[in-house]
Amino acid sequence: MKRLLILLFAGLVLAGCATSGTDPLAPKTVNSVNLKKYQGTWYELARLPMYFQRNCAQSEAHYTLNPDGKVQVLNRCLTADWQWEEAKGTAYPQVPGKTDKLWVEFDTWFSRLLPGVAKGEYWVLYVSDDYKTAIVGDPSRKYLWLLSRTPTVNGVVREELLSKARQQGYDTTRLIWRASDTQMAKTSN
């Protein structure tokens, strides 16, 4: 029942953040993302607070590019009590042929009941040349994720990501950072 309520609320939150994306003051995206290079596993280094990730201590996203250009999404979250929660969905370009602004729809009973209503915006604001780090947000600046191919990054990379997020108008003082494995081990004792 708890999982059902979480998925319902996540669907409502995503529906609430769906906008047209034409605001001239909106964050700037990277213009093009090579989805073939972007697919794979990304670890969340930090995120802005959001209800549907409130219990997440460590999160990761797994993206798989389909032949039709859509991306299968598997988001996994390890809670402080060592339980995995996951959500599956599909991402697809908001504008055909443009890969920097995607819609994401998670597979919930709500999205099956009202297709197209519960979708969220996934804007790629930055991706490194080697596709090892990325910044993803939404045009309202309510949501932000700092991502990496590894669970941790060095201080220089961390500061570079923070600087880029601040330049886009995001409040990085509110970021929730990924719990380290050491922190997780302490909470289980």
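Using my numbering, read the sequence shown as starting at 1 and increasing by one per residue. Every residue, glycine too, gets a C-beta built ideally from N, C-alpha and C.
So if DSSP puts residue i in a beta bridge, which residue, or which two residues, is it bridged to?
i	result
residue 40	63
residue 172	Bridge partners of residue 172: none, in fact.
residue 82	DSSP output for residue 82 lists no bridge partner at all.
For residue i, count neighbouring Cβ atoms within 10 angstroms of its own Cβ and tell me buried if that reaches 16, exposed if not.
i	result
residue 11	With a pLDDT of 41 at residue 11, under the threshold of 50, the modelled position of this residue cannot be trusted; read the value that follows with caution. Classification of residue 11: buried, given that the 10 Å Cβ count is 16 or more.
residue 122	buried
residue 150	exposed
residue 170	buried
residue 64	exposed
residue 166	exposed
residue 182	exposed
residue 101	buried
For residue i, which residues in the same chain have their Cβ closer than 8 angstroms to its Cβ, ignoring the five residues on either side in sequence?
i	result
residue 69	35, 92, 93
residue 164	125, 126, 135
residue 37	131
Roughly how far, in whole angstroms, is the beta-carbon of residue i from the beta-carbon of residue j, given that I think they are within contact range, below 8 angstroms?
i	j	result
residue 156	residue 145	No, residue 156 and residue 145 are not in contact; Cβ-Cβ is about 20 angstroms, not under 8 angstroms.
residue 74	residue 86	6 angstroms
residue 25	residue 57	Not confirmed; about 34 angstroms, so no contact.
residue 162	residue 172	5 angstroms
residue 177	residue 46	5 angstroms
Going along the chain, which residues of its own chain have a beta-carbon closer than 7 angstroms to the beta-carbon of residue i, five neighbours each way excluded?
i	result
residue 60	41, 42, 43, 44, 76
residue 143	17, 48, 50, 137
To test your reading of the DSSP string, which unbroken beta strand (DSSP E) runs of 3 or more residues are found completely within the segment 135-161? 144-148
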